[in-house]
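In the working numbering, the protein residues as written are 32 to 337.
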């Protein structure tokens, strides 16, 4: 949804846009190329992604800064930045959640069920816990919870039982074979690859993706200047629920008064939604990039404080 993201930040004044998940810098490059009033502060927990971003953005010297950090540290990162990237607040913030295409396409990272590789799935390779640790050290009950909560896997209990019985599992190929043996044939014939949900759930668990999202969104809203904009691309129902809930909180100021009585608690709205619900990929983008099928895009603008 590159064009929609570029358009989102067109009205903002000169200043810094936070790309909280810079990845290979596709969005950052487009923003710098099309909006000459903008600078980009890019965060990523994946050092390989930052190296790719540096190569892609080198022609914009002086207009970008890249930091190795998980986005729940963004308040700390912003406070540490020298001018012009720090101090004045943000004019924009962008979150592109989930796993990136380069991570999926590099077999050795262990994110994809298409390749046989170590069961890794760490976005930040400096952390120690891997997908193999989750699979081999978690209780059966914990595995059921992970698969149901993060993968919406209807066969979670059957899969968790099989994982425990076949331990140790060290490679993606072993896990794929287990899933193909365990998931009933009718379920394997619908809903895509039988490993899709399990790999998604393990990746989210390994990287703590949902745990850090809400505080990161709150910190980004707090850091925005009035009139600044925030956009979030999510790819998983759990992510989108969190984004929707945090946007709703900031839209209402946390007011819990009965709607029929109006707000009497003095809550202050901090954002205005730019549209209701979420935008999805166009038919043309779906044809060009099937991975965009699950994308949900939400956006809001920061209001003047009162």
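Every residue, glycine too, gets a C-beta built ideally from N, C-alpha and C.
Which residues does DSSP pair with residue i in a beta bridge?
i           : result
residue 332 : 260 and 303
residue 46  : 69
residue 255 : 121
residue 310 : 328
Going by DSSP in three states, residue i sits in which element: helix, strand or coil?
i           : result
residue 98  : strand
residue 175 : helix
residue 124 : strand
residue 325 : helix
residue 233 : helix
residue 267 : coil
residue 164 : helix
residue 149 : strand
residue 75  : strand
residue 140 : helix
residue 365 : As shown, the chain starts at 32 and ends at 337. That puts residue 365 outside it, with no answer to give.
residue 220 : coil
residue 202 : strand
residue 169 : coil
residue 32  : coil
residue 132 : helix
residue 190 : helix
residue 91  : helix
residue 246 : helix
residue 38  : helix
residue 226 : coil
residue 81  : helix
residue 209 : helix
residue 238 : helix
residue 64  : helix
Of all the options the options, which has the alpha carbon lying nearest to the alpha carbon of residue i?
i           : options               : result
residue 341 : 207, 238 and 130      : Residue 341 falls outside the range modelled here, since the chain spans only 32 to 337, and no answer is possible.
residue 54  : 125, 298 and 138      : 125
residue 115 : 93, 332, 133 and 107  : 93
residue 304 : 298, 316, 276 and 82  : 276
residue 103 : 252, 321 and 32       : 252
residue 56  : 70, 85, 209 and 90    : 85
residue 288 : 296, 282 and 211      : 296
residue 133 : 167, 82, 113 and 88   : 82
residue 152 : 221, 76, 211 and 120  : 76
residue 139 : 161, 184 and 265      : 161
residue 183 : 248, 254 and 269      : 269
residue 192 : 226, 310 and 170      : 170
residue 106 : 159, 250, 46 and 32   : 250
residue 283 : 271, 301 and 266      : 301
residue 190 : 214, 205, 176 and 173 : 214
residue 117 : 186, 88, 227 and 47   : 47
residue 35  : 281, 262 and 266      : 262
residue 311 : 329, 299 and 294      : 329
residue 205 : 150, 98 and 52        : 150
residue 271 : 293, 291, 286 and 248 : 248
residue 278 : 290, 291, 244 and 293 : 244
residue 200 : 185, 172, 166 and 95  : 166
residue 197 : 216, 179, 168 and 217 : 168
residue 307 : 316, 292 and 274      : 274
residue 232 : 96, 186 and 299       : 186
residue 309 : 43, 322, 267 and 179  : 267
residue 207 : 195, 144, 172 and 223 : 144
residue 91  : 135, 174, 70 and 286  : 70
Please look up how many angstroms separate the CB atoms of residue i and residue j, rounded, as I've assumed it's under 8 Å.
i           : j           : result
residue 148 : residue 229 : At roughly 15 Å, the Cβ-Cβ gap does not stay under 8 Å, so residue 148 and residue 229 are not in contact.
residue 100 : residue 74  : 5 Å
residue 259 : residue 37  : Not quite, the Cβ-Cβ distance comes to about 16 Å (not below 8 Å), so this is no contact.
residue 335 : residue 257 : 5 Å
residue 50  : residue 61  : Actually they are not in contact, since the Cβ atoms of residue 50 and residue 61 sit about 11 Å apart, beyond 8 Å.
residue 219 : residue 225 : 5 Å
residue 254 : residue 109 : 6 Å
residue 88  : residue 63  : 7 Å
residue 264 : residue 318 : Not confirmed; about 19 Å, so no contact.
residue 146 : residue 130 : Their Cβ separation, rounded to whole angstroms, is 14 Å, which puts residue 146 and residue 130 out of contact at 8 Å.
Can residue i be considered in contact with the ligand COA, in the sense that its beta carbon sits closer than 7 Å to one or more heavy atoms?
i          : result
residue 40 : Of ligands this structure carries none, so the ligand COA is not represented either.
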